Structures are given as C-alpha cells and as structure tokens.
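Quick note, the sequence shown lines up with residues 1 to 220 if you use my numbering. All C-beta atoms, glycine included, are put in the ideal place defined by N, C-alpha and C. Note that the structure is a prediction, hence the values are computed from the model and not measured. Below is one structure, written out as structure tokens; comments come after it.
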Amino acid sequence: SSGPYTVKISTTSNFDEPVEFIAVSGADVYLNDDEGNYEELVEGTRGHYQAYTFQGTPERTYTLRVVYESKEYTASSKLESPLELDSLRFYENGCCSGLICYFTDTPDVIDYCAIKVFVNGYEHYSQLYQGRFTDGEVIALDREHTGIHRGDRVRVYLYTFNKATYEYFSNLHVDTDEDDFDTDLPDIIPSGRSNPKTNLSNGALGHFGAMAVRTYYRVR
C-alpha cells in the first residue's frame, strides 16, 4: 500500500481478563527505513499516529521507535515483495457457492501471506497461508460454504508479510480457526494461554509488521 500509514498505541488488561484497550496519547513516534528515510508521525485521533510522507518499498527493513513516559520501545520488520493473484474463480456446487483465489508460490522462497474477502462491503472471511511445503506450486485458497451469490460485489485483499508477522497472527487467535487472519483481538483469551509473541523491545506487547497489500475487485 502507498500509505498513509497508521500506528495504533494502547494499553490493555492481562490476557486472561476481558480485553480493554486504552488509547495512549502524547507519545513520540518515529518511522525510518534502512535507506535513511525518516518521519515523525503525527497524532490524529487519540492513540492513532499517522505517517503522511513515508512510502513503503519492498525489500527494505523498517524500524518503529516510540518514546512514552521516558521509556523507549523499538521494533523492526522487513517489507517483502508482494505476491499477486493469478485469478479469481466463483463456483457453485449444489447448495454451496464460494470463491477460489489462485496464485503461484514463489520458487525457492517460503511465502507468507493472507487474504481478506469482503462481500458487499462487509468482511466475509480471511485466511492465512505459508508455503513451507508448496514451493513454486499454484495455490488455491478456498473457504467452503462461503455463500457468495450472483450479483454480489467482492473485494479481495492479498497481504504479503514476513515469517515473524505470520507467526504473530497465526498464534494470536487461539480461540478461533487457525487459518483466520484478523488484526482484532478476541473478547476473551482462554485462561492458561500466554501472551502472543512480540517483536517490540522493553517489555511492550504487540507487533510491528510491514505488509504489502494488493486489492482485487469482482462482481459475481
């Protein structure tokens, strides 16, 4: 995506309690890449910090730095080259209908990606993918019984990211389908579960991930 980019900062309760996010206002937030580009983000809505001029470039590594209440937190993430969908195909089988998203796994590289499918403006489903055992193959991402009907307007977002970001999202939703890709936390994390792995320093929780996004639109 060409931006603008937003960093959301909040505090929260323990993961074995109902989730409550409290927006953090007044932090100093900075973003830079490994080519020397740099921007200080501007707070708009409380707890939401915006980068207005920064442009993401594949194969560069980005570093986030946050200073709040005299403490500094940092995290880095590489922006991978974006995958592309080869085609989208609608199907109908008796009472069931759905969508198949085809793309070609990159040879000699382990791809990590996800799709989000919106139907008539509403999120319909999402799905994570990692290519450890499908090197160079044509991949068909298909969620059965999705109920996409004739005349529906479908928008598909294809996200490409690195291994650390994939592992964060795949471990985050411990009480949902393991293939789901959703940046929202569930209301309650089951007791006995640990906090998800973080790439932030100084004891902060969460994840800073650089993701490439491509968008596709079809009408069935």
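Worksheet item: Along the chain, where does the alpha helix (DSSP H) that runs through Lys-163 open and close?
Response: Judged by DSSP secondary structure, Lys-163 falls within the alpha helix (DSSP H) whose first and last residues are 163-172.
Fill in: Inter-stretch contact (C-beta, 8 Å, three-pair minimum) for the stretch 203-211 and the stretch 134-150
As far as the Cβ criterion goes, the stretch 203-211 does not touch the stretch 134-150, which means the pair count is below three.
Worksheet item: Which residues in the same chain have their Cβ closer than 7 Å to the Cβ of Asp-105, if we skip the five residues on either side of it in sequence?
Response: Only residues of its own chain outside the window of five on either side were considered, and among them Asp-111, Gly-131, Thr-134, Asp-135, Gly-136, Glu-137, Ile-139 have a CB closer than 7 Å to the CB of Asp-105, listed in chain order.
Worksheet item: Under 8 Å between C-beta atoms, does Thr-61 make it to chain C?
Response: As a matter of chain content, chain C is missing from the structure shown, which is built from one protein chain.
Worksheet entry | contact_flag[the stretch 89-103, the stretch 52-69] where n(CB pairs < 8 Å) is 3 or more | Too few Cβ pairs lie closer than 8 Å, so no.
Worksheet item: Since Ala-210 contacts Tyr-159 with CB under 8 Å, what's their CB separation in whole angstroms?
Response: Taking a contact as a CB-CB distance under 8 Å, the pair Ala-210 and Tyr-159 does not count as one, their CB atoms being some 11 Å apart.
Practice prompt. Under the assumption that Phe-118 contacts Arg-155 (Cβ atoms under 8 Å), give the Cβ distance between them as a whole number of angstroms.
Written response: Between Arg-155 and Phe-118 the Cβ distance is about 4 Å, and since that is below 8 Å, they are a contact.
Practice prompt. Return the residue from the list Pro-4, Lys-116, Thr-198 that minimises the CA-CA distance to Ala-51.
Written response: The option with the nearest alpha carbon to Ala-51 is Pro-4.
Worksheet entry | Nearest neighbour of Gly-36, chosen from Ala-212, Thr-63, Leu-128 [CA to CA] | Nearest C-alpha to Gly-36: Thr-63.
Discussion item. Among Arg-220, Ser-201, Arg-218, whose alpha-carbon lies nearest the alpha-carbon of Asn-71?
Written reply: It should be pointed out that residue 71 corresponds to Lys in this sequence rather than to Asn. Nearest in C-alpha terms to Lys-71, of all of Arg-220, Ser-201, Arg-218, is Ser-201.
Worksheet item: Excluding the five sequence neighbours on either side, which residues of its own chain have a C-beta within less than 6 Å of the C-beta of Arg-153, listed in chain order?
Response: The residues are Asn-120, Val-219.
Practice prompt. Would you mind sorting Asp-34 into buried or exposed? The rule is 16 or more other CB atoms within 10 Å of its CB.
Written response: It counts as exposed.
Discussion item. Can you find the residues in the same chain that come closer than 7 Å, C-beta to C-beta, to Lys-8, ignoring five residues on each side of it along the sequence?
Written reply: Answer for Lys-8: Gly-47, His-48, listed in chain order.
Worksheet item: Around the Cβ of Tyr-166, are there at least 16 other Cβ atoms within 10 angstroms (buried) or fewer (exposed)?
Response: With 16 or more Cβ atoms within 10 Å of its Cβ, Tyr-166 is classed as buried.
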